[in-house]
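Engineer: Every letter in the sequence shown is one number past the one before it in my numbering, and letter 47, counting from 1, is 85. Cβ coordinates follow ideal geometry from the N, Cα and C atoms, glycine included. Keep in mind that this is a model prediction, so the values were computed, not measured.
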Amino acid sequence: MVDRHLFVCTNQKSEVGREVAKALKIEIKKQGLKSVTVKGEKRRNRVQTCNCLDVCKNCKKGPGAALVVYPEGIFYGNVKPKDAADIVHEHLGEGRVVKKLVIEG
Ligand code: FES
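1. Relative to the C-alpha of ARG134, which candidate in GLY143, LYS120, TYR114 has its C-alpha closest?
2. Is ASP92 near ligand 1, with its Cβ less than 7 Å from a heavy atom?
3. Using a Cβ distance threshold of 8 Å, determine whether the segment 74-81 contacts the segment 48-62, with at least three qualifying pairs required.
4. Since GLY115 is in the alpha helix (DSSP H), which residue starts that stretch and which ends it?
5. Since ALA104 and CYS47 are thought to touch, with beta carbons under 8 Å apart, how far apart are those beta carbons, to the nearest angstrom?
6. Where VAL58 and GLY70 are concerned, what is the direct C-alpha to C-alpha distance, given to the nearest angstrom?
7. Would you say the beta carbon of ALA59 comes nearer than 7 Å to a heavy atom of ligand 1?
8. Thinking C-alpha only, which one of ILE112, ASN116, LYS137 is nearest CYS94?
9. Go to GLU79, then tell me how far its beta strand (DSSP E) extends in each direction, as first and last residue.
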């Protein structure tokens, strides 16, 4: 099974993208989701920073950062560090999209 990758945009002037990436990594560790076993196969959850994801309206021009989760291809926008716990618990843990943060990629 493929690993899951979260790419967080850090192209803002502020440090919000880096803070979101850091908060996600901390939450993944805290919630014990560094790797999960789905249908007997091991899948890791990895967080990386990246450049502009082309959804700047919900990133650079807003209060938070944008990120994308692969392989699902789900985009989240205006994400703040305090949202990390929800994304990790709901999306990575339960496999449910966090609707209030979803944007069109
Ligand atoms: S600056 Fe973050 S998506 Fe463009």
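Structural biologist: In short, the structure shows the following:
1. For ARG134, the closest C-alpha among the options GLY143, LYS120, TYR114 is that of TYR114.
2. Answer for ASP92: yes, Cβ within range of ligand 1.
3. As far as the Cβ criterion goes, the segment 74-81 does not touch the segment 48-62, which means the pair count is below three.
4. Per DSSP, GLY115 belongs to no alpha helix (DSSP H); it is in the beta strand (DSSP E), 112-117.
5. For a cut-off of 8 Å, the C-beta gap from ALA104 to CYS47 is around 5 Å, short enough to register as a contact.
6. Cα to Cα, VAL58 sits roughly 18 Å from GLY70.
7. No, since every heavy atom of ligand 1 falls outside the 7 Å radius drawn around the Cβ of ALA59.
8. Ranking the options by Cα distance to CYS94, first place goes to ASN116.
9. Taken as a continuous stretch (DSSP letters only), the beta strand (DSSP E) holding GLU79 covers 79-88.
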